[in-house]
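See below for the structure under consideration.
2 protein chains.
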Amino acid sequence: MTTLERLPTVEDVREASAVLAGVARMTPVLRDPLLDELLGADVFVKSEFLQLGGAFKFRGIFNKVSSLDQDDLERGIVIASSGNAGLAAALAARLRGTSSVVVMPEGSRPDKQAAIQTAGGTVLISGDSSDAALERAQLVAEHEGRAFIHPFDQLEVIAGQGTVALELIEQVADLDAVVVPAGGGGLLAGVALVFSALRPDVQIVGVEPEGANSIQRSLANGRVTPVEVVSTVAEGLGVRRCGSLTFELIKANVDRVETVSDDALITACGFFWNMLHVAVEPSGAAGLALLLSTDDFSGKRVAVVASGANIAIERLAEAVTASSLVLGR
Amino acid sequence: MTTLERLPTVEDVREASAVLAGVARMTPVLRDPLLDELLGADVFVKSEFLQLGGAFKFRGIFNKVSSLDQDDLERGIVIASSGNAGLAAALAARLRGTSSVVVMPEGSRPDKQAAIQTAGGTVLISGDSSDAALERAQLVAEHEGRAFIHPFDQLEVIAGQGTVALELIEQVADLDAVVVPAGGGGLLAGVALVFSALRPDVQIVGVEPEGANSIQRSLANGRVTPVEVVSTVAEGLGVRRCGSLTFELIKANVDRVETVSDDALITACGFFWNMLHVAVEPSGAAGLALLLSTDDFSGKRVAVVASGANIAIERLAEAVTASSLVLGR
Chain A
1 MTTLERLPTV EDVREASAVL AGVARMTPVL RDPLLDELLG ADVFVKSEFL
51 QLGGAFKFRG IFNKVSSLDQ DDLERGIVIA SSGNAGLAAA LAARLRGTSS
101 VVVMPEGSRP DKQAAIQTAG GTVLISGDSS DAALERAQLV AEHEGRAFIH
151 PFDQLEVIAG QGTVALELIE QVADLDAVVV PAGGGGLLAG VALVFSALRP
201 DVQIVGVEPE GANSIQRSLA NGRVTPVEVV STVAEGLGVR RCGSLTFELI
251 KANVDRVETV SDDALITACG FFWNMLHVAV EPSGAAGLAL LLSTDDFSGK
301 RVAVVASGAN IAIERLAEAV TASSLVLGR
Chain B
1001 MTTLERLPTV EDVREASAVL AGVARMTPVL RDPLLDELLG ADVFVKSEFL
1051 QLGGAFKFRG IFNKVSSLDQ DDLERGIVIA SSGNAGLAAA LAARLRGTSS
1101 VVVMPEGSRP DKQAAIQTAG GTVLISGDSS DAALERAQLV AEHEGRAFIH
1151 PFDQLEVIAG QGTVALELIE QVADLDAVVV PAGGGGLLAG VALVFSALRP
1201 DVQIVGVEPE GANSIQRSLA NGRVTPVEVV STVAEGLGVR RCGSLTFELI
1251 KANVDRVETV SDDALITACG FFWNMLHVAV EPSGAAGLAL LLSTDDFSGK
1301 RVAVVASGAN IAIERLAEAV TASSLVLGR
């Protein structure tokens, strides 16, 4: 981010919603009576793992790509991503008839690379962190004249992610709390700004991995604060530094941000598989991981945003074993 | 089946729909632009893999259990199943406050057994085929006074499965065809009777595994005809003998029944994972397997009922590799 953008408002989210109509999926809210029994709460799983590309990312990125003027659009787009934002960008570019470059940090998952390529994106492996990949993407934007799409810290991106909250408000009445995974903070910021404007009584809780808690640190310091070294199985949340816009929105609108361990994330993936019969990646399971590790939500009506599907098969196998042990199978 | 039941009608399906309201999930219809491009058709994935218990089975079985009078209900239920119908029965029994016994054939998957037990069902392993397990379940019903629930061949069960079609008609206009996996034929019979009554112009196509094509054989012979030896990776469709009621309905209302190979089923599971980012079991992938192996549906608006999620992890890993090869990854 070189220029200071204004913060998105709920009006921007409503506009995003119109842009996404008929393109993004209105994802279902799943209930499960066994899960409710186990957690002692009414749990509403907002199933963004069913979004196009298998993650919520498509909403914000398609909204951003759709905001480009025709000249910019024709020169193509570039984004930095561990995978999900990259796939969303490749899909958005294809649907808008342009090309995409996705800069992925070294060590990025081969299956996520393949999915981006299948969707028509060009993968460029560069940098040893999310920060380094972002810098490289900005260079590509300058050199190739491509529009730089930030995976989380642009007005239209945040506004697009906020459409999750508009749907949730329509789908579930009388929520007490919404639990949202947070990496760079785009989804959390978007959801929080909508609830703050339309349902201010609903508690908004962010969840970060213990080894990637930039938002928690930033809130403690009062300014954006990176983590030294990212360490988490949840590559979608493995961000060194949360956004500037997202931080402002989170500071203003989020009730609190908690962390969960990698073990808790893996176990939660196994619960999704064994109890809800769906594949959810560690990043997407952060909300359920928090619910499984606290009784703060007992007796409450709580939505968890299950934000992405794209778990590696080997990881899923590990998760199923872990949760089977917890379930005493 | 000892007594001759009447065939269900669309009115029975409407009643089932009222029974299921607020309990079963109205499953979403997923679109995917890449899948449409690949198949050269407008494909509507009716996502019954998101049903409670991970399969469409819950609809019919909950409807049947709900039709029991209080005395019968209190004595509990018994069913025979390779897994999905058993889990549906265990969930239905729990929700209705009674007990369930699930007779599973030898060699049934341990993870499906565990899921049934987690839901409160008692698993009884017995018999070397679906037929043998059915006979044992009937004996348990007699000896323990439990209500015998047939996994596919009872009026209320078929009527419940038909609610998939009522939803589909509401969700998608102007379909040309609906492709439905078939084992015992409960889902196919229920869907076909509804379309025949309400949208007779829509083609209804059943899909069986090559190694479990009792319906195809029965249609050729004009009477219910078992296969000698069932051989398929799709354990949910691995039925020796289709139902009597289901056969009558299928004969009257289905346009044609096709078969697919095990390789095609596995590849289709991989496509669901790689392109739609969801886990679908081989039985549930039969519709997509057919679409991938023919161009009969080119340019058509075709719904595939993706009927179940519950794939074993090892099988999923195999499927992802198989489809990656096809996709040239």
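Here the protein sequences line up with chains A and B, keeping their order. Counting along the first sequence from 1, when you hit position 5 you're at 5 in the numbering used here, and nothing is skipped either side. Counting along the second sequence from 1, when you hit position 270 you're at 1270 in the numbering used here, and nothing is skipped either side. Glycine included, C-beta positions come from ideal geometry on N, C-alpha and C. On a predicted model such as this, the values are computed, not experimentally measured, just so you know.
Closer than 7 Å at the beta carbon, the chain A residues around residue i
i         : result
ILE1313/B : LEU316, ALA317, VAL320
Residues near residue i by beta carbon distance below 6 Å, same chain, minus five either side
i         : result
LYS1112/B : GLY1083
PHE49/A   : VAL280, GLY284, ALA306, GLY308, ALA309
SER1067/B : GLU1156
ALA189/A  : ILE158, THR246, LEU249, ILE250
SER1100/B : ILE1077, ALA1089, ALA1090, ALA1093, GLY1121
LEU35/A   : VAL43, MET275
ALA182/A  : LEU188, GLY206, GLU208, ILE215
GLU235/A  : SER82
Residues near residue i in its chain [Cβ-Cβ closer than 8 Å; skip 5 each side]
i         : result
VAL1029/B : PHE1044, VAL1045, LYS1046, SER1047, LEU1168, GLN1171, VAL1172, ALA1303
Spatial neighbours of residue i in its chain, beta-carbon cut-off 7 Å, leaving aside the 5 residues before and after
i         : result
LEU1198/B : VAL1010, ILE1169
ALA268/A  : ALA285, LEU288, ALA289, LEU292
ASP174/A  : ARG301
VAL1278/B : PHE1049, PHE1272
Pair within 9 Å by beta-carbon distance, residue i and residue j
i         : j         : result
LEU1124/B : ARG1136/B : yes
PHE1195/B : VAL1178/B : yes
GLY1040/B : GLY1299/B : yes
ILE1077/B : ALA1016/B : no
ARG31/A   : ARG1025/B : yes
THR259/A  : VAL227/A  : no
VAL1229/B : PRO1282/B : no
ALA317/A  : ALA1317/B : yes
GLY160/A  : ASN63/A   : yes
THR163/A  : VAL320/A  : no
SER954/B  : GLY1185/B : It is not possible to answer for residue 954/B, since the shown part of chain B is limited to 1001 through 1329.
CYS242/A  : SER218/A  : yes
GLU142/A  : ASP128/A  : no
ARG240/A  : SER214/A  : yes
VAL1065/B : ILE1116/B : no
ALA132/A  : SER126/A  : yes
VAL1202/B : VAL1180/B : no
GLY238/A  : ALA322/A  : no
ARG1075/B : LEU1020/B : no
LEU1073/B : VAL1103/B : no
VAL1191/B : ALA1165/B : yes
LYS1057/B : LEU1087/B : yes
ALA1080/B : ILE1061/B : no
Closer than 8 Å at the beta carbon, the chain B residues around residue i
i        : result
ASN310/A : HIS1277
Partner residues on chain B for residue i, Cβ-Cβ distance less than 9 Å
i        : result
PRO151/A : Near PRO151/A there are no residues of chain B at all, since even the closest Cβ is about 18 Å away, more than 9 Å.
LEU327/A : ALA1114, THR1118
SER324/A : ASP1111, ALA1114
LEU7/A   : Near LEU7/A there are no residues of chain B at all, since even the closest Cβ is about 31 Å away, more than 9 Å.
9 Å Cβ cut-off: residues of chain A touching residue i
i         : result
ARG1025/B : PRO28, LEU30, ARG31
LEU1134/B : Correct list: empty, because the minimum Cβ distance to chain A is about 25 Å.
Beta-carbon neighbours of residue i, restricted to chain B and to distances below 7 Å
i       : result
LEU35/A : Result: empty, since nearest Cβ-Cβ is about 11 Å, beyond 7 Å.
CB contact check: residue i to chain E, cutoff 9 Å
i        : result
LEU188/A : Protein chains in the displayed structure are A and B, and chain E is not among them.
Item to check | Residues within the region 1272 to 1292 of chain B neighbouring chain A, beta-carbon criterion of under 9 Å | outcome: TRP1273, ASN1274, MET1275, LEU1276, HIS1277, VAL1278, ALA1279
Item to check | Residues from the region 1224 to 1241 of chain B in contact with chain A, defined by Cβ distance under 9 Å | outcome: none
Next on the checklist: Quick check on the DSSP output: what are the complete beta strand (DSSP E) runs of length 3 or more inside the region 1034 to 1112 of chain B, in order along the chain?
Outcome noted: 1042 to 1047, 1077 to 1080, 1100 to 1104
Checklist entry - At a Cβ cut of 7 Å, what residues of the region 93 to 121 of chain A count as close to chain B, listed as they run along the chain? => result LEU95, ALA114, ALA115, THR118, ALA119
Next on the checklist: Residues of the region 42 to 69 of chain A in Cβ contact with chain B at a cutoff of 9 Å, in chain order, please.
Outcome noted: SER47, PHE49, LEU50, GLN51, LEU52, GLY53, GLY54, ALA55
Checklist entry - Quick one: complete beta strand (DSSP E) runs, 3+ long, within the region 1118 to 1149 of chain B? => result 1122 to 1125, 1147 to 1149
Item to check | 4 or more residues per run - each alpha helix (DSSP H) lying fully within the region 1229 to 1262 of chain B | outcome: 1244 to 1253
Next on the checklist: For a minimum of 4 consecutive residues, which ranges assigned as the alpha helix (DSSP H) are wholly contained in the region 271 to 316 of chain A?
Outcome noted: 286 to 292
Checklist entry - Which full runs of the alpha helix (DSSP H) of 4+ residues lie inside the region 1153 to 1230 of chain B, going along the chain? => result 1155 to 1171, 1186 to 1198, 1214 to 1221
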